[in-house]
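Numbering (my numbering), first residue to last: 216 to 407. We put the beta carbon where it would ideally sit given N, CA and C, even for glycine. Only a predicted model underlies this, so the values are computations on that prediction, with no experimental measurement involved.
Shown next as structure tokens:
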């Protein structure tokens, strides 16, 4: 392997070390701000280290076709060390600032959704419910008036047809249906 490829590999490993440090700081700040449950931290650590290993070996494969040498570890160590000396605090502050911006955006979007969509839906629902209730009461009132008007004629017709109907035998299901209707009628119209 010529020196040019070795230097390119060393630079890629420096870059990989810096990227690993940034990802680690971002992950650490996110887990602190979002308050993940304790049991998930081990799983997230495993995912971080797996992703970091895949990333480093991908960079190593791109730079020198996956040949593992001592200077690869030196480059990674120096990259992480330089990152934690120079950029760690800035990255943490940047991630905290991004989390704050995202929280504000989510709050604004939630307020807009509630004001523009949810509140009108609730108002329309209340209005429709009120209209249906008023129309239902109006229909029941009109039905009650119509029945009161027709009741004398029904009694007259019943009296006139009594000689014929008294000889007919009513089925049981008809008696039960009439009783159920009478019970519902008393519930709806004879309130005390």
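8 angstroms Cβ cutoff met for residue i and residue j
i	j	result
residue 322	residue 241	no
residue 289	residue 233	no
residue 278	residue 224	yes
Whole-number beta carbon distance between residue j and residue i, since they are thought to touch under 8 angstroms
i	j	result
residue 231	residue 270	7 angstroms
residue 236	residue 310	The Cβ separation is near 13 angstroms, so there is no contact.
residue 293	residue 229	6 angstroms
residue 221	residue 286	7 angstroms
residue 274	residue 333	Between residue 333 and residue 274 the Cβ distance is about 48 angstroms, and since that is not below 8 angstroms, they are no contact.
Residue i versus residue j: straight-line alpha-carbon distance, rounded
i	j	result
residue 267	residue 243	14 angstroms
residue 367	residue 343	37 angstroms
residue 316	residue 249	14 angstroms
residue 371	residue 341	45 angstroms
residue 409	residue 354	This structure gives no information on residue 409, because the portion of the chain shown stretches from 216 to 407.
residue 402	residue 396	10 angstroms
residue 347	residue 357	15 angstroms
residue 365	residue 374	14 angstroms
residue 392	residue 384	15 angstroms
residue 308	residue 276	33 angstroms
residue 352	residue 320	46 angstroms
- Task: Evaluate the contact criterion for the region 319-339 versus the region 255-262: three or more CB pairs, one atom per stretch, below 8 angstroms.
- Result: no
- What are the uninterrupted segments assigned as alpha helix (DSSP H) that are 4 or more residues long and contained completely in the region 343-384, given in chain order? none
- At 4 residues or longer, and completely inside the region 276-303: list those alpha helix (DSSP H) runs for me, N to C. 285-297
- Those runs of the alpha helix (DSSP H) which lie wholly inside the region 216-257 and span at least 4 residues: 218-249
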